[in-house]
Structures are given as C-alpha cells and as structure tokens.
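Numbering (the working numbering), first residue to last: 415 to 668. Yeah, the Cβ is synthetic: ideal placement off N, Cα and C, and Gly gets one too. Predicted model only: the values in this text are computed from it and were never measured.
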Ligand SMILES: Nc1ncnc2c1ncn2[C@@H]1O[C@H](COP(=O)(O)OP(=O)(O)OP(=O)(O)O)[C@@H](O)[C@H]1O
Ligand SMILES: [Mg+2]
C-alpha cells in the first residue's frame, strides 16, 4: 500500500490501569479516504479512535506508549498542543450529542471555545456554510433559534457533523455514528461521508459490516486490543489475509 499516511501509529500501547487495551498497534491511515475500524465489542476500536485526538487523556489511569504521528508530528510529545489537535481532529459520537441550546448556538459553541470568528456576519457565514455542507441549510435556515433537541436524530447527527466542520478540521473521527439511526437515515449519512471524504480524512468505527463494506476505502480489523489486519476494504472483505478476519467477517464470532 503506497500512500503518505495522514495518521500513523508506531508501536502504540495503551493501558487502562492494569488492563492492556491496545497492544502494539501499527496502522497507517491514508488522507482523504474513509477508513473503517471493525471488530467485536471490547476489542479497542473506540480506544484507538480516541487516541487520534488524545481524548483518552480525559480518562483516569490511562497510560499510552508509542507514537501517534499526524502530518509528521507526534501528538504524544509533551509540546503537542491539545487544543489545536482537537480542532484539527474532530469527533462525532454514537448518540448525537447536541446541546440543549438553539441550533445557532450549538454551532457557535465550538467557535467560541476555539476563539474563532467573533464578528456576527462571519459567524453567520460559517454557520450557513457548515449547514450547507451537511445538507441542512435549506431545512433549517429559518429555524436557527429553535432548540436543537427538536430535530430528528438524523438531523441532530448532521448538526454534530456541521459543528465539527465549522472548526475547519482535517480529520473526522466517527464512533458508530449511525447506530442510533434508522436504515434510511443511515444511508443518507453514508452519502454525506462519501462527499466529505474529498476534503477530509475520515475514520469510522462501525459494528455494521455492510456499512464498512459499502462506505469505506480501507478497513482495519481489531481483535482483543490488536490490529489483526489492515488493507483495502474490498480485499479485506473478499480475500482476507488472516484467518481471524475471515472468521469475523463471515459471522463466525463477534
Ligand atoms: N475507561 C476505561 N477503564 C477501563 N477499561 C476500559 C475503559 N474504557 C474501555 N475499557 C476496556 O477496554 C477495552 C476496549 O474498549 P473499547 O471501548 O475501546 O472497545 P470497542 O471495540 O470500542 O467496543 P464496542 O464495540 O463495544 O464499542 C474493553 O475491554 C473495555 O472494557
Ligand atoms: Mg466502542
């Protein structure tokens, strides 16, 4: 596989107290593609994803060793700037985590935290652009003062993606972003991801193997804290190199 990785881990190990949750993970994630992480529950997918923007720092008794290189900089180095890492590497969660605020203020929230854009018309322009990007502008442009909680789950998840986009990230991490959605909304979000990949590097954790096969360009299979296999999605699904991968994708465990 020949490409310059956007994210690369080198001998990455993570312990939660005594528990060795990530074991010597070496992965290279290509830019402007969708990479899916699959594997049975508890194998470390979310843990790995959280490493990419150092969200695991927020969890007590966590020890990380190895390297996580994004654009040639090791984000584990003491001099790494956490605020700028979290702006550059945005995250979308399983349940849309909209705040009990207006749609407008949900979007403005991150801009404030990151001290980006103070002028009203610049903020408005960024909000319009963000909503436009996720296909919500036409529906919501006259409702920006309404509570975000009045939106459907799919709209809320799009809003969460817009809230990340507005901060001009380069990488978007999505941890089971469709698992709270119905099948039709799921397919719509997948369409959105296909559009976004032209500009962003996307890493999606999913339990839904069909989703990984449909939407991703590359797939990593994890098992018990180890990255067992990583490759082109088509190859991983049709001709896996490892027996464990084959067993998992053919539904023999997990
Ligand atoms: N804060 C924590 N403290 C201790 N152990 C944890 C913590 N978070 C996760 N773990 C353990 O680390 C392992 C990996 O968890 P992780 O959430 O990364 O798995 P996952 O692959 O995302 O699972 P799922 O598919 O269920 O979301 C699990 O055994 C889990 O119990
Ligand atoms: Mg998880």
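Handout entry: Reference residue 598; option with closest CA among 569, 520, 420
Key = For the set 569, 520, 420, the Cα lying nearest the Cα of residue 598 is the one of 569.
Exercise for the section: Kindly indicate which three-state DSSP category residue 537 falls into: helix, strand or coil? Expected result: Residue state for residue 537 is assigned as helix, using DSSP reduced to three classes.
Handout entry: Quiz: which residues have CB nearer than 5 Å to ligand 1 non-hydrogen atoms
Key = Going by the Cβ distance cut-off, the answer is 430, 435, 455, 456, 457, 458, 459, 460, 461, 473.
Problem - Host alpha helix (DSSP H) of residue 524 (start-end) - result: According to the DSSP assignment, residue 524 belongs to the alpha helix (DSSP H) that extends over 517 to 527.
Handout entry: residue 619 beta carbon near ligand 2 (any heavy atom closer than 7 Å)
Key = Residue 619 Cβ: within cutoff of ligand 2.
Exercise for the section: Look at residue 447 and residue 631 and say whether their C-beta atoms are less than 8 Å apart. Expected result: Cβ distance < 8 Å, so residue 447 and residue 631 count as in contact.
Practice task
Find out if the Cβ-Cβ distance for the pair residue 641, residue 467 is shorter than 8 Å.
Solution key: Taking 8 Å as the Cβ cut-off, residue 641 and residue 467 do not qualify as a contacting pair.
Handout entry: Those residues which DSSP pairs with residue 368 across a bridge
Key = Beyond the ends of the chain as shown, which are 415 and 668, falls residue 368; an answer cannot be given.
Exercise for the section: Return yes when the Cβ of residue 563 is within less than 8 Å of the Cβ of residue 485, no when it is not. Expected result: Residue 563 is positioned such that its CB atom lies no closer than 8 Å to that of residue 485.
Practice task
List the whole-angstrom C-beta distance separating residue 695 from residue 573, where the pair is believed to meet the contact cut-off of C-beta under 8 Å.
Solution key: Nothing can be reported for residue 695, as the shown portion of the chain is limited to 415 through 668.
Practice task
Would you kindly report the start and end of the unbroken beta strand (DSSP E) that includes residue 588?
Solution key: Note, residue 588: beta strand (DSSP E), 585 to 589.
Practice task
Run the proximity test for residue 589: is its beta-carbon closer than 7 Å to any non-hydrogen atom belonging to ligand 2?
Solution key: For ligand 2, at least one heavy atom lies less than 7 Å from the Cβ of residue 589.
Handout entry: CA nearest to the CA of residue 433, picked from 444, 474, 452
Key = Closest by alpha carbon: 474.
Exercise for the section: Go ahead and pull the three-state DSSP assignment for residue 510. Expected result: Residue 510: coil per DSSP, three-state reduction.
Practice task
Starting from the Cα of residue 516, find the closest Cα among 532, 662, 554 and give me that residue.
Solution key: Checked all of 532, 662, 554; the closest Cα to residue 516 is 554.
Handout entry: Host beta strand (DSSP E) of residue 643 (start-end)
Key = Here the beta strand (DSSP E) through residue 643 covers 640 to 646.
Exercise for the section: State the Cα-Cα distance for the pair residue 436 and residue 470, rounded to the nearest angstrom. Expected result: Roughly 12 Å separates the two Cα atoms.
Practice task
State yes or no: is the C-beta of residue 618 within less than 8 Å of the C-beta of residue 638?
Solution key: No, these two residues do not count as a Cβ contact at 8 Å.
Exercise for the section: Would you kindly check if the distance between the Cβ of residue 424 and the Cβ of residue 489 is under 8 Å? Expected result: The criterion of a C-beta distance shorter than 8 Å is not satisfied by residue 489 and residue 424.
Problem - Option in 535, 521, 479, 629 with minimal Cα separation from residue 571 - result: Minimum Cα distance to residue 571 is reached at 521.
Problem - Range of the contiguous alpha helix (DSSP H) that encloses residue 501 - result: 496 to 502 is the span of the alpha helix (DSSP H), which, as asked, contains residue 501.
Exercise for the section: Using beta-carbon positions only, say whether residue 584 and residue 615 come within less than 8 Å of one another. Expected result: Between residue 584 and residue 615, the C-beta spacing is below 8 Å.
Problem - Assigned secondary structure, residue 440 (DSSP; H/G/I helix, E/B strand, else coil) - result: It is a strand residue.
Problem - Identified DSSP bridge partners for residue 477 - result: In DSSP, residue 477 forms a bridge with 429.
Handout entry: Close Cβ partners of residue 595 (< 7 Å) along its chain, the five nearest in sequence each way excluded
Key = The answer, listed in chain order, is 567, 568, 571, 603.
Handout entry: Test item: CB-CB of residue 635 and residue 452 under 8 Å
Key = In this structure, residue 452 lies closer than 8 Å to residue 635 by Cβ.
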